[in-house]
Structure formats: C-alpha cells, structure tokens
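Participant: I'd like to ask you about the structure that follows.
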Amino acid sequence: MSRIRTCPGSQGASMRKITEENAGFGTFIAFSCLPLSGMTTDVYLPSLPAMSSAFHTSPSVTQLSLTFFMIGIGVTQFFIGNVLDSFGRYRTGVVALFLFVLSNVALIYSPNIWVVNVLRLLQGVCVGSVVVGKRAFFVDVFQGDRLKGFLSWFTIVWSAGPILAPFLGGYLQEGFGWQANFVFLAFYAGAILVLELLFGGESLRHRQRFHLPAIAERYRTMLTHSGFMLSVLNLVLAYSAIFVFSLSAPFIIEHTLQQSPVVTGYAALLMGFAWMVGGLIAKSQLHRGLIQKHAVIAAEMLGVAIVMLLISVGTSNLVTLLLCCFLVHVAAGALYNIYFTECLTMFPKNAGLASGLAGGCAFLLTSVASYGVVAAIDVRGQGQLALAYLIFAALIAAAWMMGRMIMARRWAGTPVEAPAKGA
Numbered sequence: 044m045s046r047i048r049t050c051p052g053s054q055g056a057s058m059r060k061i062t063e064e065n066a067g068f069g070t071f072i073a074f075s076c077l078p079l080s081g082m083t084t085d086v087y088l089p090s091l092p093a094m095s096s097a098f099h100t101s102p103s104v105t106q107l108s109l110t111f112f113m114i115g116i117g118v119t120q121f122f123i124g125n126v127l128d129s130f131g132r133y134r135t136g137v138v139a140l141f142l143f144v145l146s147n148v149a150l151i152y153s154p155n156i157w158v159v160n161v162l163r164l165l166q167g168v169c170v171g172s173v174v175v176g177k178r179a180f181f182v183d184v185f186q187g188d189r190l191k192g193f194l195s196w197f198t199i200v201w202s203a204g205p206i207l208a209p210f211l212g213g214y215l216q217e218g219f220g221w222q223a224n225f226v227f228l229a230f231y232a233g234a235i236l237v238l239e240l241l242f243g244g245e246s247l248r249h250r251q252r253f254h255l256p257a258i259a260e261r262y263r264t265m266l267t268h269s270g271f272m273l274s275v276l277n278l279v280l281a282y283s284a285i286f287v288f289s290l291s292a293p294f295i296i297e298h299t300l301q302q303s304p305v306v307t308g309y310a311a312l313l314m315g316f317a318w319m320v321g322g323l324i325a326k327s328q329l330h331r332g333l334i335q336k337h338a339v340i341a342a343e344m345l346g347v348a349i350v351m352l353l354i355s356v357g358t359s360n361l362v363t364l365l366l367c368c369f370l371v372h373v374a375a376g377a378l379y380n381i382y383f384t385e386c387l388t389m390f391p392k393n394a395g396l397a398s399g400l401a402g403g404c405a406f407l408l409t410s411v412a413s414y415g416v417v418a419a420i421d422v423r424g425q426g427q428l429a430l431a432y433l434i435f436a437a438l439i440a441a442a443w444m445m446g447r448m449i450m451a452r453r454w455a456g457t458p459v460e461a462p463a464k465g466a
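For the sequence shown, my numbering assigns the number 44 to the initial residue and increments by one for each residue that follows.
Set out below in structure tokens:
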C-alpha cells in the first residue's frame, strides 16, 4: 500500500508524497503523459484541409494552429522548470491537465479559426507544463541504474505520439470529422487527470528558492555558450525540416494527389518511424566524432533534396514523395538525437534547465522557421517541398562549417599545459 506523507510547503494540507517505494502507479502516469506533446501536435494533421474548409479560410491560416501550439509549448519550457522546482510538480500538473481538457472541449465549439489558434496556444502552455514536470518526476524519485533504465525509455515512449497520432487521426477524420481528434485528446487527458487525482502525488524532494538573479545567471551562462547555442541551432534546423512536412503534407496528399485523410495518416506514421530510425542510427554511432557525423548527415540531406527537386521537374507521385521524405526524416532524426544529447551533457549540474532551454528554443524557433518557409514558398507539391528541404539542408551544412570554425578556434587558442605533478 502507498504510504501517505504530508508534502512540505502544502500549507498544512495532506498530499501524497511519491517515493521510490510507492512510485509504481505514479511511474505509469508519468509515462502516459510523455507522448502528449506528440499527440497534440500530430493527431489532427490529417484534418487540416477539412478544418480549412469548415472555417472558410486559407491553408496558411489553418496551419497557424500548429504554429501557435509550438510557440506555447516552446515559451513554456523556458521558464516552467524553475517554477516546478520552486512550487512543486503535482498541483501545477493537475491544473495544466484540467485546462487542457477544457481547451479541447472549447475547441470543438470554436466559432472561427482564430479562436482555435488561441486555444492551441493555451494547449501548448498546458502540455509544456505537464511534460516537463513528468520528466522531472523520474529524477526526483529514482537514482542510479534504475534511473538510467527509465530514462532510456524516454525517446521510445515519446515517439509513440508522433508515430501513432496522425495514423489514428486519419481514421477519426474519415469516420467522424475534424472535431473527433480533439474529443480523443480530451478523453485521453481526462483519463490521466482522474488517475493523477486518485493515485498521483508530489515527487519534489527539495524545493528551490525562486531567486531571480541566480536563475538569470544560469540562463546567461547557457545562452552565451557558443557550443550550446550551435547545438540548439541544429535542433531547430532538424526539427524544422520535419515540421515542414507536417504543415504541408496534408494539403499535398489530399488536395494535389487527391488521396484520403487515411493516406495522410499512414504517411505521417511512416515519417514517425523514419524519425525513430534516425535516432537509433545516431545511438549506434556514438563512438564517431560530432563534426564527422554532422558532415555525413548534411551531405545526405543535400543529396536527397536535390534528387527530390529533379524528380519533381519530370514526374512526381505519392511513392517518390514519401521515399524522399523518409530519407530526409531519417537524417533529421539522427541530427536531432546527436545534438539534443550534446545539449544535455554540456551542463550536467543543470540538466533540467538545459533540457528545457534546448527544447524551448527548438519548439519556438522551429514554429517560426518552418511556417515562414512554408508560407514564403507556398508549398503545395513535391517541388516546393523539395525546395524547402534544400533550404534547411543548406543551413545544416552552414552550421557544420560553423562547428568546424568553433572547434578550430578552440584548438588554436588552447595552450599546451605542463603535466600535473604526480601525473
């Protein structure tokens, strides 16, 4: 039986305190929350054309609903870690889940697309608060090899969202319409909320004083670190290449190629699998140098983008589209995995803040970069999508050159030190 303890800082109220001994159901709840960001991002992608028609608006305005969500979750990750460390995980998570459920109900009855976009911004804030808190849950409760074992499952569990959500969303759109996607999200989050209220609790062991000068100094250290910011830039470029597909694929597949929303769902499922393959490839190449791995990925993305562009001049169909996009997603998945690991290992004493800052920058800047490119090029076919890929591949190659320059300056500026005594 779970032991009930009074959580410090609860103003005398009785609150379950989660420890390693009673964390079984809490762990299940935490893992259930991790795919929420991917689900909320991707489940309604097959419905974008239908939403555009329902609200009598252009595809670019409908695509903003995805951008608003990304901005919400990105900005939230910048500051929510410090809030959670000071005020606790449990109550913040419960409030965020409750608001997320309400936002989905309100979204179903939205009178116009701009109300949808504002609600999607709120959903980004809610999901960011929940997911960051549940990542911290594992560090709060577990230690040593057991903690490492749980952390190794993060990527796999998180991948379930972007892999399965659009696949499910295609069938929901085909059978029930675009509102069904948000009904599903409301029920999923509502079930987690009920479990949290019945079996959840506070996992934070030691509350940190909310001291703004110290917090600002940690942010300054990371934001002025050239290696960290270059890694963040690569996260943004990799994720932007993925996001361009998410924004444009429903319109290309359903309008240009005249396929059903179910086909869009299968395409997104395939791209999610490609992202996972890229991550596994990166994991298998840990022994290789960072710059060397980056060079191979940049060359592969440039080559695929050029071939995809040439194919579109002659003929293009669903097979050529998905084959080229699959290869781009594999490369982007590998690049993201490499540099996210790099971000976390640069500041081991502030891994939570580094994770939130890297993730926040990635989501926020990706939303701006990907939407900007899609809107500027007006991506409606394979040729325009190939051009968007080519832009991001060229930027990734430029980032590789910047990385080489930074490494060269470090080598040139590092004096040869005498061996330490006793060495």
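All C-beta atoms, glycine included, are put in the ideal place defined by N, C-alpha and C.
From residue 70 to residue 130, what does the alpha carbon distance come to, in whole angstroms?
Facilitator: If I take the Cα positions, the gap works out to 20 Å.
Participant: Shortest alpha-carbon distance to residue 344 belongs to which of 303, 179, 434?
Facilitator: Nearest of 303, 179, 434 to residue 344, Cα basis: 434.
Participant: Relative to the alpha-carbon of residue 243, which residue among 371, 223, 180 has its alpha-carbon at the smallest distance?
Facilitator: Considering only alpha carbons, the answer is 180.
Participant: Over the uninterrupted alpha helix (DSSP H) stretch that includes residue 163, give me the two end residues.
Facilitator: 156-184 is the span of the alpha helix (DSSP H), which, as asked, contains residue 163.
Participant: Do the CB positions of residue 225 and residue 414 come within less than 9 Å of each other?
Facilitator: No. Outside cutoff.
Participant: Mind checking residue 154: buried by the 16 CB within 10 Å criterion, or exposed?
Facilitator: Flag for residue 154 reads exposed.
Participant: Determine which residues share a DSSP beta bridge with residue 60 and list them.
Facilitator: 245.
Participant: Could you check what DSSP says for residue 318 in three-state terms: helix, strand or coil?
Facilitator: Residue state, collapsed to three classes: helix.
Participant: Of the residues 356, 398, 184, which one's Cα is nearest the Cα of residue 425?
Facilitator: Of the listed residues, the one whose Cα sits closest to residue 425 is 356.
Participant: Can you give the Cα-Cα distance for residue 231 and residue 421, rounded to whole angstroms?
Facilitator: Going by the C-alpha atoms only, they are around 34 Å apart.
Participant: Quick check on DSSP: helix, strand or coil for residue 390?
Facilitator: Reduced to three states, the DSSP call for residue 390 is coil.
Participant: Using 10 angstroms around the beta-carbon of residue 59, count the other beta-carbons present and answer buried if the total reaches 16, otherwise exposed.
Facilitator: Flag for residue 59 reads buried.
Participant: Report the rounded CA-to-CA distance for residue 460 versus residue 207, giving the unit in angstroms.
Facilitator: Its pLDDT being 41, under 50, residue 460 is placed unreliably by the model, and nothing is read from it.
Participant: Pairing CB atoms from the stretch 269-277 with CB atoms from the stretch 433-452, are three or more of them under 8 Å?
Facilitator: Enough Cβ pairs lie closer than 8 Å, so yes.
Participant: DSSP state of residue 221, grouped into three classes?
Facilitator: Residue 221: coil per DSSP, three-state reduction.
Participant: Mark residue 234 as exposed unless 16 or more other C-beta atoms lie within 10 angstroms of its C-beta, in which case mark it buried.
Facilitator: Result: exposed.
Participant: Grouping DSSP H, G and I as helix and E and B as strand, with all else coil, what is residue 538?
Facilitator: Outside the shown range of the chain, which is 44 to 466, sits residue 538, and nothing can be said about it.
Participant: With residue 337 as the anchor, note down where its alpha helix (DSSP H) starts and where it stops.
Facilitator: Residue 337 -> alpha helix (DSSP H) spans 333-357.
Participant: Cα-Cα, which of 142, 404, 76, 410 is closest to residue 238?
Facilitator: Measuring from the Cα of residue 238, the nearest candidate turns out to be 76.
Participant: Grab the span of the alpha helix (DSSP H) containing residue 128 for me, first residue to last.
Facilitator: Counting along the chain, the alpha helix (DSSP H) containing residue 128 begins and ends at 102-130.
Participant: Using a Cβ-Cβ cut-off of 7 Å (strictly less than) and excluding sequence neighbours within five positions of residue 143, which residues of its own chain qualify?
Facilitator: The answer, listed in chain order, is 166, 169, 170, 232.
Participant: According to the neighbour-count rule (16 or more other Cβ atoms, all chains shown, within 10 Å of its Cβ), is residue 219 buried or exposed?
Facilitator: Exposed, because fewer than 16 other Cβ atoms sit within 10 Å of the Cβ of residue 219.
Participant: Please return the same chain residues whose Cβ sits closer than 7 Å to the Cβ of residue 174, not counting the five positions on each side in sequence.
Facilitator: Closer than 7 Å at the Cβ level, and outside the excluded window around residue 174, lie 76, 77, 79, 80.
Participant: Applying the 10 Å Cβ sphere with the 16-neighbour rule, what's the burial state of residue 260?
Facilitator: Flag for residue 260 reads exposed.
Participant: Evaluate residue 417 with the Cβ neighbour count: other Cβ atoms within 10 Å of its Cβ, from every protein chain shown; 16 or more gives buried, anything less gives exposed.
Facilitator: Buried, because 16 or more other Cβ atoms sit within 10 Å of the Cβ of residue 417.
Participant: Give the straight-line distance between the Cα atoms of residue 272 and residue 407, rounded to the nearest whole angstrom.
Facilitator: So the two alpha carbons sit approximately 14 Å from each other.
Participant: Counting pairs of Cβ atoms below 8 Å between the stretch 256-270 and the stretch 363-382, do you hit three or more?
Facilitator: No: the two stretches stay apart, fewer than three of their Cβ pairs being nearer than 8 Å.
Participant: Quick one: is residue 358 buried, meaning 16 or more other Cβ sit within 10 Å of its Cβ, or exposed?
Facilitator: Looking at its Cβ environment, which holds fewer than 16 other Cβ atoms inside 10 Å, residue 358 is exposed.
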